[in-house]
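Chains as they are written, first to last, in the UniProt record's numbering: chain A, 1 to 612; chain B, 1 to 340.
For every residue, glycine included, the Cβ atom is placed at its ideal position computed from N, Cα and C.
Since we're looking at a predicted model, the values are computed, not measured.
Structure record follows, encoded as structure tokens.
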């Protein structure tokens, strides 16, 4: 029995076809993954189902039917009746998906009332549903407000609500993206178990192909609004055929196996505005194996094996096999130079805030005394989940926060107290790259001025010509075109913005970069470009790096040494390959086990931990 | 919740004491520095210098300023607001009759303004992007462009003179005997004594001044509520409620409105404070026997004890409104009363 069936579905924004020729069938009890990078149109389908398309977007062709009912033409009222009851949704941002001024219990009760449950017994039903998700003390949970819960707890509440009606279909749009890796593993485990127990059909939308390979039965890979590859999840990930799928997997650093240099694709996915000028294969401009015919006409999605289909010509598929094999091994780390940064028993304690009655709340030890030295040319990764103190560590290093204990030295000079002299020493040697490339760039300044901002400081007088020349050199060094000099941040893509941020940090020729989650907001293919850029910078400049990240695979690819933090404490540190191959601390082991492995046949997620 | 609300009120009250002291000292000093002689005003033109001196001594006006202030404060602490120089009546008594009248006017005006503002805000939101929204927006701009005292005069000209359907002088028709006050609030007293004629007349007399005051509040409430609703409707929890199949009307009222109410409530608090200022002119125009009229009479007659006392009462009222808004905020926003 087909629960959801799309036939040639087409969504347009003006003349641009945002989704083109999307067809699939989703059978009862199966999990279908919709995988793509941002802008691929993967969220569009959920929005068509909910009739929640953004302003100006409309379904312009094809059909989408749910248990035989056409969801495109169905009237508003019967569609509303389906939502929450027969079709349920698990959102991307659990913390904001619950109403902050209503208790969890009120919202759960509202949902059960909407399902027509009689008042008597609703509370018991809610408690039972929360208990099924291994939430501790569900009765008291009902009395609490969403802001008192963690993201993982909110997501479990929302999952409990989604399953409460025994829906025929659940649409989960990036349900774990906003969560820590170990929480992600928990949530995936719970959703899969419930889905199996209830025989629910699941549409799982994600940017993470590797995660999808473990969660889904079948996968659709979307690129620029088109299905480029379709097939059983394990087969697609173990033996990808389409050049894009291959490149996507090859751009994602693995947690085990040999360290090859990541494969990067040039540029980024075309945006809406570019669709009209791409009459042929939309991947052709970035495709390493395209031939002239690709740009002329869109190849059809053709079956290549039972259950598998690819939107590519036979000739290209043959050529695409070389993409991954051609990747050279990752360049070895150069011998490290002299010590740039030295932390000795550095700690940070935040005193509790005073409440409105003037009483001081208990404080937090954001960073407990730790030692760390980084030498020139050395890449050190700091990993940990949210709240582990890794970002506070970056702020202490940069002097953005004052340490409450210990000593910080840069080039052997004490900079613990960030006075003007210490600031000069620090900024001559260290620079920071921030997490959000968007908000780190002043939107009213052109690129040329942004990246040479450091030349305005101090007493050095620089002519306009000198600044432009420096800007050109920095753009070239970070792999950007000199055309960007006069552009403003709003005219740049996410990857370009992060390169501009890196270029800005390089302006004063620092010997150490401090990078706080600088690739976490980027798509996998863009992330690979940035990671390779950092490796190139080390080779050319001998630059060092403190790389703060929650992504262990990225740290493994990039860093020679790794520091694992938990609750402000270093639980394990050492040579990256050694730590990852034979983790000694149970927390490191748990973190590593929570990462979806590259091999789709390895069972994942791991066995559940204790309930939160 | 109630414990936190009580603690908050207690803290507010403690904070109010220094504020009231400052305000009272300010009013006291400024009034004494003005070239106005209350004694000369209250005696017939032919009074002798000796008579004036005698009266001055009787009122304590010959003592040094700080001494006068301390004496006044001491009496204030015992509830003695002094005697009006002009009316020759206890100031407390004058305020006791005028305060309920003003509170009644402000309460009706504020309720009307908030009701119209919330209704308008919801209507503007419901008609977003359509002609109705434009019309309401234009109407609000028109209402705001004309000050409330001018509205008062316009309302009198329209509904009192050109089309005489509404009374516009005083609190009650002159042919109705004022019932003995219970609370001083005519609407409440008349209901308590089952005097529906008094109730109807009092309500009719409140109508025009209350509308004039409401016009100052409604457009602002309407605009703030609408823009907060437009923000809140984008929030994930609103989308998620829709995705659960909650009907749109419930989504707006239960999920969007409660969150959008927060900025609106603080606006209403500020507006309520301003409204007491607005009553001064409106009460004068409608010859409404409230605090505003009392204040104007007192100023006109250099009646220092009354000016001081009414000034202080205004201050207490504004502080009280602020505290009430804080408690309301606490009730509506759980983030303030629950530790995260």
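Any C-beta of chain A under 8 Å from that of residue 103/B: no
Euclidean distance between Cα positions of residue 198/B and residue 98/B: 18 Å
Reduced DSSP secondary structure (H/G/I, E/B, other) of residue 556/A: helix
According to DSSP, residues forming a beta bridge with residue 279/A: Note: residue 279/A sits in no beta bridge, so no partner.
First and last residue of the uninterrupted beta strand (DSSP E) at residue 208/A: Counting along the chain, residue 208/A falls outside any beta strand (DSSP E), and DSSP gives it neither H nor E.
Alpha helix (DSSP H) segments (min. 4 residues) lying fully within the stretch 310-364 of chain A: 314-320, 322-325
Contacts around residue 331/A, its chain only, beta-carbon distance under 8 Å, and the 5 residues preceding and following it disregarded: 261, 535, 539
CA-to-CA distance, residue 180/B to residue 28/B, given in whole angstroms: 34 Å
Endpoints, the alpha helix (DSSP H) within which residue 89/A is located: No alpha helix (DSSP H) holds residue 89/A; the beta strand (DSSP E) holding it covers 87-90.
Given 8 Å, three or more beta-carbon pairs between the stretch 36-50 of chain A and the stretch 268-275 of chain A: yes
Pairwise C-alpha distance: residue 150/A and residue 340/B: Because the pLDDT of residue 340/B is 49, which lies under 50, any placement of that residue in the model is unreliable, and the number read from its coordinates should be weighed accordingly. Residue 340/B and residue 150/A: Cα-Cα distance of roughly 10 Å.
Boundaries (first-last residue) of the beta strand (DSSP E) holding residue 544/A: 544-549
Coil, strand or helix - residue 488/A by DSSP: coil
Secondary structure of residue 82/B, DSSP reduced to three states: coil
Reduced DSSP category for residue 232/A - H, G, I as helix; E, B as strand; rest coil: strand
Contact between the stretch 265-276 of chain B and the stretch 82-96 of chain B (3+ Cβ pairs under 8 Å): no
Nearest candidate by alpha-carbon position, reference residue 173/B, set 316/B, 287/B, 315/B, 22/B: 287/B
Under 8 Å by beta carbon: chain B residues contacting residue 207/A: Neighbours of residue 207/A on chain B: none; closest Cβ ~18 Å, over 8 Å.
Outcome for residue 532/A when other beta-carbon atoms lying within 10 angstroms are tallied against a minimum of 16: buried
Residue 288/B in three-state terms, based on DSSP: coil
Extent of the continuous beta strand (DSSP E) to which residue 569/A belongs: 569-575
Simplified DSSP state of residue 609/A, which is helix, strand or coil: The predicted position of residue 609/A is uncertain, since its pLDDT is 49 and thus under 50; no value can be drawn from it.
Spatially closest choice to residue 436/A from 499/A, 45/A, 13/A, 154/A, by CA coordinates: 499/A
Three-state secondary structure assigned by DSSP to residue 23/A: strand
Nearest-angstrom Cα separation, counted from residue 108/B out to residue 114/A: 38 Å
Any chain B beta carbon closer than 8 Å to residue 96/A: yes
Buried versus exposed call for residue 667/A [16 or more other C-beta atoms within 10 Å across all chains shown]: In the structure displayed, chain A extends from 1 to 612; residue 667/A sits before or after that span and is not available.
Which of helix, strand or coil DSSP assigns to residue 153/B: helix
Check whether residue 316/B and residue 9/B have beta carbons under 8 Å apart: no
Terminal residues of the alpha helix (DSSP H) in which residue 197/A lies: 181-198
Under 7 Å by beta carbon: chain A residues contacting residue 258/B: 101
Buried versus exposed call for residue 174/A [16 or more other C-beta atoms within 10 Å across all chains shown]: buried
Under 7 Å by beta carbon: chain B residues contacting residue 501/A: Chain B residues near residue 501/A: none, gap ~28 Å exceeds 7 Å.
Distance between residue 250/B and residue 302/A (C-alpha atoms, nearest Å): 47 Å
Top-ranked residue by Cα proximity to residue 165/A, from 259/A, 249/A, 111/A, 146/A: 111/A
Burial state of residue 17/A (16 or more Cβ within 10 Å): buried
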